[in-house]
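Engineer:
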Amino acid sequence: MSFAEYRELIQDGDTAIVFLGHESMFPVTIQQGGQTQTKYGVLRHSTDLIGKKYGSKVTCSKGGWVYILYPTPELWTMNLPHRTQILYSTDISMITMMLELKPGSVVCESGTGSGSLSHAIIRTVAPTGHLYTVEFHQQRAEKAMEEFRQHKVDHLVTVKNQDVCKNGFGVSHVADAVFLDIPSPWEAIGHAKDALKIEGGRICSFSPCIEQVQRTCLALEEHGFTETSTLEVLLRVYDVRTISLQLPDFGKPAEVEKGDGPDKSRPVPTPQPGTAQFKSGVSPRDMVGHTGYLTFATKSLS
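Reading the sequence shown from the start, the letters are residues 1 to 302 in my numbering.
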(Lines of atoms letter the chains of each structure in order from A; the text may use other names.)
(Lines give C-alpha, C1' and ligand atoms only; values in the text may rest on other atoms or scores of the structure.)
Protein backbone atom coordinates (compact mmCIF):
# COMPACT_ATOMS: atom_id res chain seq x y z
CA MET A 1 0.00 0.00 0.00
CA SER A 2 1.27 3.43 -0.97
CA PHE A 3 -0.56 6.74 -0.87
CA ALA A 4 1.09 7.55 -4.21
CA GLU A 5 0.35 4.25 -6.02
CA TYR A 6 -2.89 2.28 -6.04
CA ARG A 7 -2.94 -1.43 -5.20
CA GLU A 8 -6.00 -3.64 -5.52
CA LEU A 9 -5.65 -6.11 -2.63
CA ILE A 10 -5.41 -5.45 1.12
CA GLN A 11 -2.15 -6.68 2.65
CA ASP A 12 -0.65 -7.01 6.12
CA GLY A 13 0.74 -3.65 7.30
CA ASP A 14 -1.55 -1.52 5.11
CA THR A 15 -3.39 1.55 6.33
CA ALA A 16 -7.05 1.30 5.31
CA ILE A 17 -10.17 3.39 5.88
CA VAL A 18 -13.15 1.67 7.53
CA PHE A 19 -16.21 3.42 6.06
CA LEU A 20 -19.46 3.19 8.02
CA GLY A 21 -21.08 6.24 6.37
CA HIS A 22 -20.18 9.74 5.22
CA GLU A 23 -20.22 10.97 8.81
CA SER A 24 -18.49 7.92 10.27
CA MET A 25 -15.16 6.46 9.15
CA PHE A 26 -11.74 5.89 10.66
CA PRO A 27 -8.27 4.61 9.69
CA VAL A 28 -6.96 1.21 10.75
CA THR A 29 -3.57 -0.47 10.40
CA ILE A 30 -4.04 -3.99 9.03
CA GLN A 31 -2.22 -6.61 11.11
CA GLN A 32 -2.13 -10.38 10.83
CA GLY A 33 -4.24 -11.66 13.73
CA GLY A 34 -5.53 -8.19 14.57
CA GLN A 35 -9.12 -7.15 15.27
CA THR A 36 -11.04 -3.89 14.95
CA GLN A 37 -14.21 -3.09 16.88
CA THR A 38 -17.04 -1.28 15.08
CA LYS A 39 -20.65 -0.54 16.05
CA TYR A 40 -21.62 -3.42 13.74
CA GLY A 41 -19.30 -5.91 15.44
CA VAL A 42 -15.72 -7.13 15.09
CA LEU A 43 -13.58 -7.05 11.95
CA ARG A 44 -10.97 -9.82 12.00
CA HIS A 45 -8.04 -8.69 9.87
CA SER A 46 -6.76 -12.14 8.91
CA THR A 47 -10.07 -13.57 7.70
CA ASP A 48 -12.18 -10.50 6.88
CA LEU A 49 -9.66 -8.08 5.35
CA ILE A 50 -6.30 -9.45 4.19
CA GLY A 51 -6.52 -10.60 0.58
CA LYS A 52 -9.81 -8.80 -0.09
CA LYS A 53 -10.10 -6.03 -2.67
CA TYR A 54 -10.15 -2.42 -1.59
CA GLY A 55 -13.71 -1.14 -1.84
CA SER A 56 -15.12 -4.47 -0.65
CA LYS A 57 -18.28 -4.64 1.43
CA VAL A 58 -17.29 -6.62 4.55
CA THR A 59 -19.75 -8.17 7.02
CA CYS A 60 -18.95 -7.71 10.72
CA SER A 61 -19.60 -10.20 13.53
CA LYS A 62 -23.02 -8.72 14.44
CA GLY A 63 -24.26 -8.94 10.87
CA GLY A 64 -23.78 -5.30 9.93
CA TRP A 65 -21.39 -4.33 7.15
CA VAL A 66 -18.76 -1.70 6.31
CA TYR A 67 -16.69 -0.74 3.27
CA ILE A 68 -12.88 -0.96 3.34
CA LEU A 69 -11.48 1.93 1.29
CA TYR A 70 -8.05 2.68 -0.14
CA PRO A 71 -6.45 5.59 1.78
CA THR A 72 -6.33 8.52 -0.64
CA PRO A 73 -4.91 11.86 0.61
CA GLU A 74 -8.47 13.23 0.67
CA LEU A 75 -9.68 10.41 2.95
CA TRP A 76 -6.55 10.75 5.09
CA THR A 77 -7.26 14.46 5.56
CA MET A 78 -10.68 13.54 6.96
CA ASN A 79 -9.33 10.85 9.30
CA LEU A 80 -5.75 11.71 10.31
CA PRO A 81 -4.71 12.20 13.95
CA HIS A 82 -4.62 15.96 14.54
CA ARG A 83 -1.33 17.25 15.93
CA THR A 84 -2.08 20.76 14.67
CA GLN A 85 -4.84 22.54 12.81
CA ILE A 86 -4.87 21.23 9.24
CA LEU A 87 -5.71 22.29 5.71
CA TYR A 88 -8.73 20.63 4.10
CA SER A 89 -9.37 19.65 0.50
CA THR A 90 -11.08 22.95 -0.36
CA ASP A 91 -7.88 24.94 0.23
CA ILE A 92 -5.56 22.09 -0.84
CA SER A 93 -7.09 21.90 -4.31
CA MET A 94 -6.60 25.65 -4.83
CA ILE A 95 -2.99 25.45 -3.59
CA THR A 96 -2.20 22.55 -5.93
CA MET A 97 -3.64 24.38 -8.92
CA MET A 98 -2.19 27.84 -8.24
CA LEU A 99 1.30 26.46 -7.52
CA GLU A 100 1.07 24.57 -10.84
CA LEU A 101 2.14 21.27 -9.26
CA LYS A 102 2.48 18.19 -11.45
CA PRO A 103 4.40 14.88 -11.54
CA GLY A 104 8.10 15.69 -11.26
CA SER A 105 7.69 18.98 -9.38
CA VAL A 106 10.00 19.75 -6.46
CA VAL A 107 8.23 21.45 -3.54
CA CYS A 108 9.41 22.98 -0.26
CA GLU A 109 6.92 23.15 2.63
CA SER A 110 6.90 24.62 6.14
CA GLY A 111 5.50 23.57 8.52
CA THR A 112 4.64 19.95 8.17
CA GLY A 113 2.10 19.88 11.02
CA SER A 114 -0.22 16.87 10.78
CA GLY A 115 0.80 16.11 7.18
CA SER A 116 -2.55 16.80 5.51
CA LEU A 117 -1.16 18.97 2.70
CA SER A 118 2.06 16.93 2.60
CA HIS A 119 0.25 13.76 1.52
CA ALA A 120 -1.63 15.64 -1.22
CA ILE A 121 1.60 17.20 -2.54
CA ILE A 122 3.40 13.85 -2.54
CA ARG A 123 0.59 12.20 -4.51
CA THR A 124 0.64 15.07 -7.02
CA VAL A 125 4.42 15.16 -7.64
CA ALA A 126 4.90 11.35 -7.69
CA PRO A 127 6.60 9.34 -9.07
CA THR A 128 9.59 11.54 -9.97
CA GLY A 129 9.07 14.69 -7.88
CA HIS A 130 10.11 15.38 -4.28
CA LEU A 131 8.84 17.22 -1.21
CA TYR A 132 11.19 18.94 1.25
CA THR A 133 9.16 19.66 4.37
CA VAL A 134 10.38 21.52 7.47
CA GLU A 135 8.83 21.23 10.94
CA PHE A 136 10.00 23.30 13.93
CA HIS A 137 8.58 20.89 16.54
CA GLN A 138 10.79 17.80 16.92
CA GLN A 139 8.09 15.32 17.98
CA ARG A 140 5.81 16.40 15.14
CA ALA A 141 8.66 16.03 12.65
CA GLU A 142 9.46 12.52 13.91
CA LYS A 143 5.80 11.48 13.83
CA ALA A 144 5.41 12.81 10.28
CA MET A 145 8.42 10.81 9.09
CA GLU A 146 7.03 7.70 10.79
CA GLU A 147 3.73 8.13 8.93
CA PHE A 148 5.47 8.70 5.59
CA ARG A 149 7.38 5.42 6.07
CA GLN A 150 4.20 3.56 7.04
CA HIS A 151 2.42 4.96 3.98
CA LYS A 152 5.30 3.93 1.68
CA VAL A 153 6.04 7.48 0.44
CA ASP A 154 9.22 8.20 2.43
CA HIS A 155 11.31 7.99 -0.78
CA LEU A 156 9.39 11.01 -2.09
CA VAL A 157 9.83 13.26 0.96
CA THR A 158 12.62 14.67 3.12
CA VAL A 159 11.65 15.84 6.62
CA LYS A 160 13.84 18.38 8.43
CA ASN A 161 13.45 19.47 12.04
CA GLN A 162 14.60 23.10 12.09
CA ASP A 163 13.45 26.72 12.19
CA VAL A 164 12.77 27.73 8.58
CA CYS A 165 12.88 31.43 9.49
CA LYS A 166 16.49 31.07 10.70
CA ASN A 167 17.86 28.09 8.79
CA GLY A 168 15.76 27.88 5.64
CA PHE A 169 14.81 24.67 3.86
CA GLY A 170 18.30 23.17 3.50
CA VAL A 171 18.22 23.32 -0.30
CA SER A 172 19.00 26.05 -2.84
CA HIS A 173 17.67 26.74 -6.34
CA VAL A 174 15.86 23.40 -6.76
CA ALA A 175 12.20 24.02 -5.93
CA ASP A 176 9.42 24.70 -8.41
CA ALA A 177 7.14 25.86 -5.59
CA VAL A 178 7.26 26.83 -1.91
CA PHE A 179 4.41 26.67 0.61
CA LEU A 180 4.49 28.46 3.98
CA ASP A 181 2.11 27.78 6.87
CA ILE A 182 3.90 29.43 9.79
CA PRO A 183 3.06 32.29 12.21
CA SER A 184 5.47 34.80 10.61
CA PRO A 185 5.86 33.86 6.93
CA TRP A 186 7.44 37.23 6.07
CA GLU A 187 10.56 36.13 7.96
CA ALA A 188 10.98 33.13 5.64
CA ILE A 189 10.46 34.86 2.27
CA GLY A 190 14.21 35.27 1.72
CA HIS A 191 14.84 31.56 2.38
CA ALA A 192 11.92 30.68 0.11
CA LYS A 193 13.43 32.75 -2.70
CA ASP A 194 16.76 30.95 -2.24
CA ALA A 195 15.04 27.52 -2.33
CA LEU A 196 13.21 28.31 -5.57
CA LYS A 197 14.87 27.56 -8.89
CA ILE A 198 16.86 30.40 -10.42
CA GLU A 199 14.37 31.02 -13.23
CA GLY A 200 10.89 31.56 -11.83
CA GLY A 201 8.88 29.45 -9.41
CA ARG A 202 5.73 30.00 -7.34
CA ILE A 203 5.16 30.64 -3.64
CA CYS A 204 2.05 30.35 -1.47
CA SER A 205 1.55 31.52 2.11
CA PHE A 206 -1.41 30.50 4.28
CA SER A 207 -2.34 32.94 7.05
CA PRO A 208 -5.53 33.26 9.13
CA CYS A 209 -5.17 37.01 9.79
CA ILE A 210 -5.16 39.85 7.25
CA GLU A 211 -2.36 41.63 9.18
CA GLN A 212 -0.11 38.62 8.47
CA VAL A 213 -1.07 38.84 4.81
CA GLN A 214 -0.14 42.53 4.66
CA ARG A 215 3.33 41.99 6.12
CA THR A 216 3.89 38.98 3.86
CA CYS A 217 2.94 40.97 0.75
CA LEU A 218 5.40 43.72 1.70
CA ALA A 219 8.15 41.12 2.15
CA LEU A 220 7.32 39.53 -1.22
CA GLU A 221 7.61 42.92 -2.91
CA GLU A 222 10.92 43.65 -1.18
CA HIS A 223 12.37 40.35 -2.47
CA GLY A 224 11.27 41.00 -6.04
CA PHE A 225 8.25 38.68 -6.29
CA THR A 226 5.58 39.63 -8.81
CA GLU A 227 1.96 38.70 -9.65
CA THR A 228 1.00 38.78 -5.96
CA SER A 229 -2.63 37.89 -5.24
CA THR A 230 -4.57 36.86 -2.14
CA LEU A 231 -7.58 34.52 -2.20
CA GLU A 232 -10.08 33.32 0.38
CA VAL A 233 -11.83 30.04 -0.39
CA LEU A 234 -15.29 29.62 1.16
CA LEU A 235 -17.30 26.42 0.69
CA ARG A 236 -21.09 26.74 0.51
CA VAL A 237 -23.14 23.57 0.17
CA TYR A 238 -26.71 23.72 -1.17
CA ASP A 239 -29.45 21.24 -0.27
CA VAL A 240 -31.65 20.44 -3.27
CA ARG A 241 -35.25 19.99 -2.17
CA THR A 242 -38.58 19.38 -3.89
CA ILE A 243 -41.14 21.97 -2.83
CA SER A 244 -44.82 22.46 -3.68
CA LEU A 245 -46.07 25.93 -4.57
CA GLN A 246 -49.60 27.17 -5.07
CA LEU A 247 -50.27 28.16 -8.65
CA PRO A 248 -51.32 31.80 -8.99
CA ASP A 249 -54.99 32.59 -9.61
CA PHE A 250 -55.26 35.31 -12.25
CA GLY A 251 -59.02 35.65 -11.92
CA LYS A 252 -61.98 34.20 -13.74
CA PRO A 253 -61.79 34.54 -17.53
CA ALA A 254 -64.67 35.49 -19.78
CA GLU A 255 -67.35 32.80 -20.00
CA VAL A 256 -67.50 32.82 -23.81
CA GLU A 257 -65.36 33.93 -26.72
CA LYS A 258 -65.89 34.28 -30.44
CA GLY A 259 -65.75 31.02 -32.35
CA ASP A 260 -66.35 29.55 -35.79
CA GLY A 261 -69.70 27.85 -35.05
CA PRO A 262 -73.15 28.94 -36.18
CA ASP A 263 -73.62 31.04 -33.07
CA LYS A 264 -70.09 32.46 -33.48
CA SER A 265 -69.27 31.67 -29.85
CA ARG A 266 -68.13 28.78 -27.69
CA PRO A 267 -67.77 28.26 -23.92
CA VAL A 268 -64.32 28.61 -22.33
CA PRO A 269 -63.54 26.32 -19.33
CA THR A 270 -62.48 28.04 -16.13
CA PRO A 271 -59.04 26.76 -14.97
CA GLN A 272 -58.95 25.37 -11.44
CA PRO A 273 -56.21 26.63 -9.09
CA GLY A 274 -53.78 24.00 -7.86
CA THR A 275 -50.16 23.32 -6.91
CA ALA A 276 -47.00 22.45 -8.78
CA GLN A 277 -43.69 20.91 -7.67
CA PHE A 278 -40.35 22.66 -8.16
CA LYS A 279 -36.70 21.90 -7.39
CA SER A 280 -35.15 24.43 -5.02
CA GLY A 281 -31.55 24.97 -3.87
CA VAL A 282 -31.42 25.99 -0.20
CA SER A 283 -28.22 27.13 1.48
CA PRO A 284 -27.70 26.09 5.10
CA ARG A 285 -28.19 28.66 7.85
CA ASP A 286 -24.82 27.73 9.34
CA MET A 287 -21.78 27.20 7.11
CA VAL A 288 -18.04 26.84 7.51
CA GLY A 289 -16.67 30.36 7.36
CA HIS A 290 -13.19 31.80 7.20
CA THR A 291 -10.25 29.40 7.42
CA GLY A 292 -7.39 31.48 6.09
CA TYR A 293 -6.02 33.64 3.30
CA LEU A 294 -3.92 32.14 0.49
CA THR A 295 -1.32 34.57 -0.87
CA PHE A 296 0.38 33.58 -4.12
CA ALA A 297 3.31 35.19 -5.93
CA THR A 298 5.83 34.42 -8.68
CA LYS A 299 9.60 34.71 -8.42
CA SER A 300 10.86 37.31 -10.86
CA LEU A 301 13.05 36.06 -13.71
CA SER A 302 15.42 38.98 -13.35
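Idealized CB from N, CA, C, for every residue including glycine.
Rounded to whole angstroms, what is the Cα-Cα separation between residue 164 and residue 201?
Structural biologist: Those two C-alpha atoms are separated by around 18 Å.
Engineer: Please identify the residue among 284, 94, 146, 161 whose C-alpha is closest to the C-alpha of residue 295.
Structural biologist: Taking only the C-alpha atoms, the option nearest residue 295 is 94.
Engineer: Tell me whether the beta-carbon of residue 55 lies closer than 8 Å to the beta-carbon of residue 40.
Structural biologist: Against a cut-off of 8 Å, the Cβ pair of residue 40 and residue 55 comes out as no contact.
Engineer: Along the chain, where does the beta strand (DSSP E) containing residue 159 start, and where does it finish?
Structural biologist: Where residue 159 is concerned, the enclosing beta strand (DSSP E) stretches over 157-160.
Engineer: Taking only runs that begin and end inside the region 174-260, name each unbroken alpha helix (DSSP H) of 4 or more residues, in chain order.
Structural biologist: Whole alpha helix (DSSP H) segments, 4+ residues: 189-195, 210-222.
Engineer: Relative to the C-alpha of residue 207, which candidate in 173, 13, 231 has its C-alpha closest?
Structural biologist: When only C-alpha atoms are compared, the closest one is 231.
Engineer: What residues are listed by DSSP as bridge partners for residue 17?
Structural biologist: 27, 69.
Engineer: Quick one, which of 169, 211, 178 has its alpha-carbon nearest residue 184's?
Structural biologist: The option with the nearest alpha carbon to residue 184 is 211.
Engineer: If you follow the beta strand (DSSP E) that residue 300 is in, where does it begin and where does it stop?
Structural biologist: It is not in any beta strand (DSSP E) - residue 300 carries neither H nor E in the DSSP assignment.
Engineer: Taking Cβ to Cβ, would you say residue 151 is nearer than 8 Å to residue 3?
Structural biologist: In this structure, residue 3 lies closer than 8 Å to residue 151 by Cβ.
Engineer: Classify residue 102 as buried or exposed, calling it buried when 16 or more other Cβ atoms lie within 10 Å of its own Cβ.
Structural biologist: Classification of residue 102: exposed, given that the 10 Å Cβ count is below 16.
Engineer: Beta carbon of residue 122, beta carbon of residue 153: below 8 Å?
Structural biologist: A contact, by the Cβ cut-off of 8 Å.
Engineer: Could you check whether the region 274-289 touches the region 238-249, counting it as contact only if at least three pairs of C-beta atoms, one from each stretch, sit closer than 8 Å?
Structural biologist: Verdict: yes, contact present.
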